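The numbering of the sequence shown is my numbering, which starts it at 1467 and goes up by one.
Heads up, the beta-carbon is just placed ideally off N, CA and C, and yes, glycines get one too.
Quick caveat: nothing in here was measured; it's all calculated off a predicted structure.
The structure appears right after this line, and notes come after that.
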Amino acid sequence: MKFDEILTEIGEFGRYQRIKYLLICCVGITAAFHALSSVFTIYTPEHRCRLDPTVFNSTDSWKSQSSEHARLIDLYVPKDSEGNYDSCSLYVYDEQNRKPSNNTASCSRWVYDDEQLISSIVTSWNLVCDKKLLATLSSTMYMFGNLLGSVVCGILSDWLGRRKTLLIGLVGQLLSGIVMTFAPEFYTFTIFRFFMGVFNLLVFLAAFVLGMELIGPQYRLVAGVGISVFWAIGFLLLTLIGYAIKRWMYIQLALTLPVLFFITYYWWLPESARWLLTKGRTQEAEEILQAAARANGNTLQPGTMEKLGESQKTESLKALLRAPRLLIRTVIIFFNWFVISMTYYGLSLNSGNMPGSLYVNLTLSAVAELLGYLICFLCYITGRKIMHVVAMVVGGLGCICSIPILYIENATEEQKNTYFVALNFIGKLGVTIGFAVIYFWCAEIFPTVLRTSLMGGSSTFARIGSIFAPVIADIGKLVPTKYKLILPPIIFGILTISGGLLSIALPETTGHDLPDTIEGANVFPKKLQRAEDENDANEKEHDV
C-alpha cells in the first residue's frame, strides 16, 4: 500500500487539508513581498547634480521652482545628444565672469525626482554615477541567497522536518527584515538582503512541500497553482503598500511585521506525515492522519499504517548516462527553468525602468501574473505541452515586439509608452504561465527514482537564472540611453522563445501513468509499459 492510497481513504482534499492549505498559501503573500520588494527599496528615480549655492541661493529640487530656476538648470547641467540631463556632472562656475565655464566637474550631491517614490536606498545613500552598480549588486546578492536557500532547504527539511524548517525561515526572515529597515549604510543592508534571500526561499519551499505532502494526487495541480495565486496577490498588495507609504524604510518595515503572525504557524500546522514515516515515527504520523480523517468525515481503518510498502529506491544522477533521451530532456528542462526564472524576475524588476507610472506598471505586472496562474487550469483541457510552448513563444514575442513600438513615427510619446507596457504585459503573462506549467510538467517527466534529485537540479538552474535577472533589468545603467529600454526585452524575448521551441521535444504527460524507472522515462510515453515490465522482469531475475 502507498501513502497516496491512505490520502484517498481519508480524503484527498477534505476540510482538514483545505483549512491547513489556506493557511500555508498565505505564506506565499509575504514571500512575494520580500522577493519583489526591491522594486521600491532599490528604485532609481530620475536625478541630476544639485546646483551649487553660489549659483542658486535657494534649496535646489528636481522640479523647476521658477523660470529663473529652470534657466539655471539648463545653463549648468550638461545634456547628452538626446537632450537628457547628465546626472553626474555640472559646468564649473566661473566666478570672474559669473557664468558657467566650458569645463565640467563631477558632483557629490544630487536632487531626485520624488513623484513616484519619496525615498529608496538609492536616494538615501546616493547610489548613482560611480556607485550606480551597487543597487544592482544588492538585488543580485538576494538571488545568491535564493540559490543557497534552495540547497539548505532540502537538507534542513530532511533533517529537522518541514515545520521546523518553516519556523527557522520565518524567524530569519523577521530578523533580516528588521536589520534591513534600520541598516545604517549600504553594505549592512546588502548583507542582510542576502540572508533575506536565504530565509525567504526557505519559507516558501518548506511551506510548499508541507502543503503538497498533505494533499492527494488528484488535487496537486490545483494546489500547486493555488499557492502561486497567493504569490500574485502578494505582488498586488506590495504595490498598494508602496503606493501608500512611498518611503523605503517604512515599506520594508510594513513588509516585515506580518511575519510575526506567520511564526504562530508552528503551533497551528502539523508536521508532514510523509516525513514522519520516513523517520520511523509512525505513531505521530498516524495521529495526524486520524485527525485529518475525522475532520473530513472519514475513517482511517485499523492496521492501515502496517500495510504501507517500502519506499521506492532512488538512483544517482549518473544513471542519466544510460538514458540519452532522458538526458536531453533533462537539459531542455534545466534550460527552461534558467530562462523562465531569469525572465520572470527580470520583467518584474524591470517594471520600475519602464515608461509611465511605476505603480501602474507594477499593477499590470501583478495582474498578468494572477491571470497567468488562473489560465494554467486549462492544462486539464489542452495538456501541458501545448500550453507551455504557446505561452513561452507568445511571451517572448510580446517582449521582442515591444521594441519597434518605440520607433513609430506617427505615434505620440504617450501612445508609444502605452503600447510598450501592453506588450510587456503579454510577455509577463506568457512567462508566468510557462513558470507554473514547467513546475509540475517536469515532475511528471522525471522518473520516481530521480524525481527529487532532478527537481532540485531544476531549482538550482532557476536560481542561477534569477541571479542574472537584476543585471539584465538594470543594463540600461551601462549603455547609452537609447538602448536602455530595448536591450532587456530583446534578451528576455529571444531566450524565452528558445526555451519554448526546445520544449517541443518534451513528451506530453496528460493522461499517462508516470514513469518510475530510468528505462521507462527514457522511452516515455510510447513504450512506458513495456519498459517498466522489462525492468520488473530484470529485477526478479536478479533476485533469483
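Name the residue from the options whose alpha carbon lies nearest to the alpha carbon of residue i.
i, options, result
"Gly1763", "Ala1720, Gly1692, Ile1729 and Thr1474", "Thr1474"
"Gly1896", "Asp1982, Val1805 and Arg1686", "Val1805"
"Tyr1716", "Gly1682, Val1645 and Trp1733", "Val1645"
"Phe1901", "Ala1877, Ala1834, Pro1913 and Tyr1810", "Tyr1810"
"Arg1481", "Leu1951, Ala1757 and Glu1875", "Ala1757"
"Phe1655", "Leu1828, Gly1627 and Met1607", "Met1607"
"Gly1494", "Gly1692, Leu1828 and Gly1627", "Gly1692"
"Leu1632", "Gly1643, Cys1619, Thr1525 and Thr1796", "Cys1619"
"Arg1514", "Leu1706, Ser1555 and Leu1786", "Ser1555"
"Thr1507", "Trp1591, Leu1844, Leu1667 and Ile1984", "Trp1591"
"Ala1909", "Pro1973, Tyr1542 and Leu1600", "Pro1973"
"Glu1772", "Leu1743, Ile1871 and Thr1765", "Leu1743"
"Pro1821", "Ile1952, Val1797 and Arg1575", "Ile1952"
"Gly1818", "Gly1677, Glu1581 and Val1856", "Glu1581"
"Phe1674", "Ile1472, Gly1849, Leu1488 and Arg1850", "Leu1488"
"Asn1563", "Pro1544, Cys1595 and Val1521", "Val1521"
"Pro1541", "Tyr1557, Gln1531 and Lys1630", "The identity of residue 1541 in the sequence shown is Leu, whereas the question assumes Pro. If we check each option's Cα against that of Leu1541, Tyr1557 comes out closest."
"Phe1801", "Ala1785, His1500 and Leu1967", "Leu1967"
"Val1860", "Leu1844, Thr1884, Val1833 and Leu1889", "Leu1889"
"Val1588", "Phe1652, Ile1754, Met1678 and Val1543", "Phe1652"
"Gly1746", "Leu1774, Leu1723 and Phe1728", "Leu1774"
"Val1855", "Pro1511, Thr1884, Leu1961 and Ile1490", "Leu1961"
"Pro1683", "Leu1980, Ile1984, Ala1987 and Val1989", "Leu1980"
From the DSSP output, which residues share a beta bridge with residue i?
i, result
"His1513", "Tyr1578"
"Lys1851", "Paired residue(s): none; Lys1851 is not in a bridge."
"Leu1556", "Ala1571"
"Pro1566", "Tyr1559"
"Ser1817", "According to DSSP, Ser1817 bridges with nothing at all."
"Ser1868", "According to DSSP, which records beta bridges pairwise, Ser1868 is partnered with nothing at all."
"Ser1585", "Arg1713"
What's the call for residue i, buried or exposed, on a 16-neighbour Cβ count within 10 Å?
i, result
"Gln1718", "buried"
"Ser1524", "exposed"
"Asp1526", "buried"
"Gln1639", "buried"
"Glu1880", "exposed"
"Val1915", "buried"
"Ile1975", "Ile is not the amino acid found at residue 1975; the sequence shown has Thr there. When all chains shown are included, Thr1975 counts as buried."
"Gly1635", "buried"
"Tyr1905", "buried"
"Ile2052", "Nothing about residue 2052 can be reported from this structure: the residues present for the chain run from 1467 to 2010 only."
"Ala1698", "buried"
"Leu1844", "exposed"
"Glu1875", "exposed"
"Thr1796", "buried"
"Gly1986", "buried"
"Ala1710", "exposed"
Under a three-way DSSP split, which group does residue i fall into?
i, result
"Lys1597", "helix"
"Asn1827", "helix"
"Phe1479", "coil"
"Tyr1551", "strand"
"Gly1896", "helix"
"Lys1782", "It should be noted that the sequence gives Ser, not Lys, for residue 1782. Note: Ser1782 maps to coil in three-state DSSP."
"Lys1545", "strand"
"Tyr1709", "helix"
"Ser1738", "coil"
"Ile1960", "helix"
"Pro1650", "coil"
"Tyr1873", "coil"
"Val1521", "coil"
"Ile1681", "coil"
"Asn1764", "coil"
"Asp2009", "In this prediction, Asp2009 has a pLDDT of 48, which is less than 50 and means its spatial position is unreliable; what the coordinates show is noted afterwards. DSSP places Asp2009 in helix when its eight states are reduced to three."
"Asp1540", "helix"
"Thr1748", "helix"
"Ile1952", "coil"
"Gln1881", "helix"
"Trp1907", "helix"
"Ala1789", "coil"
"Thr1606", "helix"
"His1535", "helix"
"Ser1932", "helix"
"Asp1470", "helix"
"Trp1697", "helix"
Could you tell me whether the Cβ of residue i comes closer than 8 Å to any Cβ of chain D?
i, result
"Arg1481", "No chain D is present in this structure, which holds just one protein chain."
Inset, instruction - Could you name each continuous alpha helix (DSSP H) segment of 4 residues or more that falls completely within the stretch 1611-1669, going from the start of the chain to the end? - result: 1628-1647
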